[in-house]
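Chemist:
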Amino acid sequence: MMMMVVVVVMMMMMMMMMMMMMMMMMMMMMMMMMMMMMMMMMLSHVYKMEYCYYYYYYYYYYYYYYYYYYYYYYYYYYYYYYYYYYFYCNYYYYY
30 MMMMVVVVVM MMMMMMMMMM MMMMMMMMMM MMMMMMMMMM MMLSHVYKME YCYYYYYYYY
90 YYYYYYYYYY YYYYYYYYYY YYYYYYFYCN YYYYY
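The sequence shown stops at residue 124 when you use this note's numbering, and every number in between is there.
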């Protein structure tokens with residue numbers, strides 16, 4: 030029983046670590062996107078039409094990664110609760 034508790038806790042910690050890493054990656058990506066958009070804004074004075082095109086292009090990708098991140102967030106959230114209830118079911122089953 031104690032071994033199972035340790036395994037579940039380790040899995041939860043791993044999932045939390047993965048979530049944190051993904052959040053960090055997303056933050057970095059968003060910062061990169063923002064920097065690109067800032068650069069495009071600076072270049073917009075010279076290339077008006079190109080700026081408009083690239084602006085929507087990066088805007089689209091920004092939201093794509095945003096929803097991609099949330100998809101994985103809820104995916105791991107679901108598994109976290111799945112193991113949580115699984116652990117409690119076994120706990121009440123054995124005791």
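Think of the CB as a built atom: it goes at the ideal place given N, C-alpha and C, for glycine as much as any other residue.
#1: What's the gap between the Cα of Met31 and the Cα of Met55?
#2: Take Val159 and list the residues in its own chain whose beta-carbon comes closer than 6 Å to its own, dropping the five residues that flank it on each side.
#3: Does the Cβ of Tyr124 have 16 or more other Cβ atoms within 10 Å, making it buried, or fewer, making it exposed?
Modeler: In short:
#1: Working through the sequence shown from its first residue, we reach residue 31 at position 2. Working through the sequence shown from its first residue, we reach residue 55 at position 26. When rounded, the distance between both Cα atoms is 36 Å.
#2: The first residue shown for the chain is 30 and the last is 124, placing residue 159 beyond what the model contains.
#3: Within the sequence shown, the letter at position 95 stands for residue 124. Reliability fails at Tyr124, whose pLDDT of 48 lies under 50, so the model's placement of it is uncertain and no value is given.
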